[in-house]
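> Please read through the structure below; I'll follow up with questions.
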Amino acid sequence: MSAMTDDAAGFEPDAGLVPTEAKIARREMLRQLLRSKTFIVGNIVILFWIFWALTGSAFTPHDPLEQTADILKAPSSTYWFGTDQFGRDIFSRVLAGAQSTMRVAPAATVIAITFGTILGLIMGFIGGFVDDAMSRLVDAILALPLIVIAVVVLTALGSSNITLILVIGLIFTSPIARTVRATVLGERQLDYVQAAQLRGERGPYIMFVEILPNIMGPIIVEATVRLGYAIFAIAGLTFLGFGVQPPSPDWSLQISENYTLLSAGSYWWTVLFACLAISTLVIAVNLVADGLQQVVDE
Amino acid sequence: MLVFGASSLLPGDVGRNVLGGFASQRDVDIFNKAAGTDRPLVTQYLDWVTHFVQGDLGTSLQYKVSVSSLLGPAFTNSLKLAAVAFVILVPLSILGGAIAGLRRNSLTDRVITITGVSFTAIPEFVTAIAFILLFGLWLDWLPVSATAPEGANIATQIQYLLLPSFALVAVEFGYIARITRSSIVENVDADYTRTAYLKGLTKRDVVGKHVLRNSLLPTIAVVATQVGYLIGGLLVIEKIFNYNGIGLRIYTAAQNKDYPTLQSGVMLVGIVYLLATLTADILYSVFNPRIRFGGDE
C-alpha cells in the first residue's frame, strides 16, 4: 500500500491545488478506518499470521516437521493441540502453516492486480475494438467456475507453487480488469482527463499518471477482496492436492491429510485447529476489505 | 451494459473450450498415440466436438468404458445434491436477507450479515469438516457419508445429502442474503414506499405488497447466477464426501490424466454454467424493464 501512496505523492507537485485537498482526504480516510472496530480487529489477526509466516518454525514450541512416537495424542499440556498420525505437534504446525498461505495468495493477488489494472486501463481508456476483443476474452475466462479451470490447467501444466500462483493470478486478472475498466469509464468523462488530452498528453501518460492515482481507492479495495478469494481458491486447490506437497505444514494440506481419520475414530484435533486458523485468516481479510470499501465508497 | 448475456457468452465459451482442448491434447500425444492424437489439433478438436454434440463422449483412458456411462450417473448424482442444496439455500438466504433488510442496523441485521459474510469467506471444505464434526460425529444427527445405501428410499437419500448440502449452502448464503438485503433497503427508502405509507396503508401491507415484491424479483435473477458457483463448490465437496458426482469424476480424471473424461466433464459443467448465466441474464431483463433499453454506458 505504501508504494501506492508514493505514486500519488509523486503526482502531487505538478497538480497545483490538488495536493492539499488530496492529503486532507487521505487523512480523513485513515481516521475513519481507525474508527472502525472490525477493520482494526481484522488487521490485528492478519498481523498475527504475518508474524508466524515470517518467523516460520523459529518460535514454535516444537519443530513442525519432527516426527515423534506420540502418535494421535489428544490435546494436552505438552501438545496443546494434540499430535497427528506421524506424532507431529499440531500447535506448531498450525502456527508454521501460515507461511505457505501467506506466500502464495498475496503473490497471486499482486500478479492479478498488476495485469488487471493495466488491462482495465487500456480497455476503459482506449475503448473501441480493443475493448470489445478484450472484454470477450475476459467473459470467456469467467464463463467457467474458477476451480474447474484451475484444475484443468494445473493438470496440464503440473502442479507446483509457482504454477498455482500464476494460474490463480491470471484467472483473477479478468474480474479485476472488468472492475478497473468500469471505473476508468467513469473517470474518462471528467474534466481533468479531457484537459490532459487537449494539452496533447500521450495515452500512456494519461492512463498511468492522470487516471491511475485517481482510481487507486477502488483498486485497493479490489485487491483486498481478491486476496480473500485467492486464499479461498488456493486453499481449495491445495486441499485437492494441486498446491504445496507434504510434509509442508500448510493448513489445507493438514486438513486433507487428516480428514479421513474423522470417520475412523474421532481425532477431531487433527483437523479442527487448521480449520480455525484458515477461517480466522479469511474472515480477517474480509473484515479489512469491508472496512476499506465503506470508507472508499463514501 | 448487461446485454453481454446471450451473444457474447456463447462465442466466448467456445473459445474456452478450444483452450481446454489444446491444453490437454498436448499431453495426450505422449500418453496415447493410438487414439489418433497425431492428427492436427484443429481436426481433433472438431472431431471431438462433433462427437460430443452427437452424445458420443469417447472412451475413458482410465476405466476403459465409455465416458458417457461414467459421467451419466455422476451427473444425475450431482444434480440431486445441487437440488437439495438449492431447496435449502434459496428460501433460507432470501428470508435471512429480507429480515436483515427490514430491520436495518439492528442486532439481528448485524448477526445475519456477519454470519453470512464469514461463511462465504471460509473455504467450503473447512465448513464441510466443521459440519461433519458437529452434526455427524458429536451430535450424531446425520450420516457422515453422502452416498445412501443401495436401494434406499428418497427420504433416506435426502438425509444422506443433507451434510454436503449444508456446506454448499453456507458458502452461498451470505451472497444471496446480501443481495436481498440491499435490494430491500433500497426499496424501503424508495419514494413509492413513502407514498404507500402516506396513503395510509399499514406497515404489513406496504412491506408485503410493495417492498417485498419489488425487491425479490431482481434477487431471483441473482440466484440463477449462483447455480454456477454451486457447481464449482461441488468439486471439493464431492471429494470430501467421496460422492460419485461430476465434481469427483473431474477430479479423478484430472489426477489420472484421463483426458476424454476430463474434457467431457468440464464441457458438461460449462454448459450448465452457461445455461445458468443465460437464465440469470434473461430473468434480470424480464424483471427489471429498465435494463432492456439501457444500452451501453
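These protein sequence lines map, in sequence, to chains A and B.
Basically the numbering used here = 1-based index in the first sequence + 5.
Basically the numbering used here = 1-based index in the second sequence + 1278.
Glycine included, C-beta positions come from ideal geometry on N, C-alpha and C.
1) Would the beta-carbon of residue 68/A fall within 8 Å of that of residue 77/A?
2) Determine whether the beta carbon atoms of residue 1371/B and residue 1455/B lie at a separation below 8 Å.
3) Taking 8 Å as the CB-CB cut-off, is residue 56/A touching chain B?
4) Quick one: give me the first and last residue of the alpha helix (DSSP H) that residue 274/A is part of.
5) Just mark residue 1362/B as buried or exposed, buried being the case when its beta carbon has 16 or more other beta carbons within 10 Å.
6) Leaving out five residues before and five after residue 1384/B in sequence, what residues of the same chain have Cβ atoms less than 6 Å from its Cβ?
7) Buried or exposed for residue 1474/B, please, with buried defined as at least 16 other CB atoms from any protein chain shown within 10 angstroms of its CB.
8) By Cβ distance, which residues of its chain are closer than 6 Å to residue 282/A, with the 5 residues on each side in sequence left out?
9) Can you tell me the Cα-Cα spacing of residue 288/A and residue 60/A, whole angstroms?
10) Which residues of the stretch 127 to 143 of chain A have a Cβ closer than 7 Å to any Cβ of chain B? Give them in chain order.
11) Along the stretch 1478 to 1499 of chain B, where does the CB come closer than 8 Å to a CB of chain A? Name the residues.
12) For residue 1320/B, which residues from the same chain have a beta carbon less than 8 Å from its beta carbon, with the 5 sequence-adjacent residues on both sides left out?
13) Is residue 1513/B closer than 8 Å to residue 152/A when the C-beta atoms are compared?
14) Grab me the residues of residue 229/A's own chain with a C-beta within less than 6 Å of its C-beta, minus the 5 sequence neighbours each way, in chain order.
15) Can you find a CB in chain B that lies within less than 8 Å of the CB of residue 233/A?
16) In chain A, which residues lie with their C-beta within 8 Å of the C-beta of residue 1439/B?
17) At what residues does the alpha helix (DSSP H) containing residue 180/A begin and finish?
18) Going by C-alpha distance, which of 178/A, 103/A, 107/A is nearest residue 140/A?
19) Provide the residue span of the alpha helix (DSSP H) that contains residue 126/A, from first to last.
20) Tell me whether the stretch 180 to 197 of chain A and the stretch 126 to 145 of chain A touch, counting them as touching only if at least three CB pairs, one residue from each stretch, are closer than 8 Å.
21) Strictly under 8 Å for the Cβ-Cβ distance: is residue 1454/B near chain A by that measure?
22) Quick one: is residue 1562/B near chain A, going by C-beta distance under 8 Å?
23) Pairs of beta-carbons, one from the stretch 1418 to 1430 of chain B and one from the stretch 1450 to 1468 of chain B, closer than 8 Å: are there three or more?
24) Buried or exposed: which applies to residue 82/A, given that a residue is buried once 16 or more other Cβ atoms fall within 10 Å of its Cβ?
25) Per DSSP, which residues does residue 88/A bridge with? Please list them.
26) Under 8 Å between beta-carbons, which chain A residues line up against residue 1507/B? List them in chain order, please.
27) Residue 1500/B: which of 1555/B, 1414/B, 1353/B sits nearest, CA to CA?
28) Would the stretch 102 to 113 of chain A and the stretch 232 to 244 of chain A be scored as touching if the rule is three or more Cβ pairs under 8 Å?
29) Let me check understanding here. Comparing Cα to Cα, which of 1378/B, 1564/B, 1502/B lies closest to residue 1463/B?
30) Can you tell me whether residue 1397/B is buried or exposed, with buried defined as 16 or more other CB within 10 angstroms of its CB?
31) Counting contacts by CB-CB distance shorter than 8 Å, is residue 110/A in contact with chain B?
32) Mind checking the stretch 1378 to 1404 of chain B against chain A and listing, in chain order, the residues whose C-beta falls within less than 9 Å of any C-beta there?
33) Using the Cα positions of residue 1511/B and residue 224/A, report the straight-line distance between them to the nearest angstrom.
34) At a CB-CB cut-off below 7 Å, which residues of chain B make contact with residue 276/A?
35) Mind pulling the chain A residues with CB within less than 7 Å of residue 1374/B?
36) Does DSSP classify residue 1344/B as helix, strand or coil?
In short, the structure shows the following:
1) no
2) yes
3) no
4) 274 to 302
5) buried
6) none
7) buried
8) 99, 256
9) 22 Å
10) 141
11) none
12) Only weak support is given to the placement of residue 1320/B: the predicted model assigns it a pLDDT of 49, under 50, and the value that follows is read from those uncertain coordinates. No residues qualify anywhere along the chain.
13) yes
14) 293, 294, 297
15) yes
16) None at all; the shortest Cβ gap to chain A is about 17 Å.
17) 166 to 193
18) 178/A
19) 103 to 131
20) yes
21) no
22) no
23) no
24) exposed
25) 94/A
26) 150
27) 1555/B
28) yes
29) 1378/B
30) buried
31) no
32) 1392, 1395, 1396, 1398, 1399, 1400, 1401, 1402, 1403, 1404
33) 27 Å
34) 1407
35) Correct list: empty, because the minimum Cβ distance to chain A is about 18 Å.
36) strand
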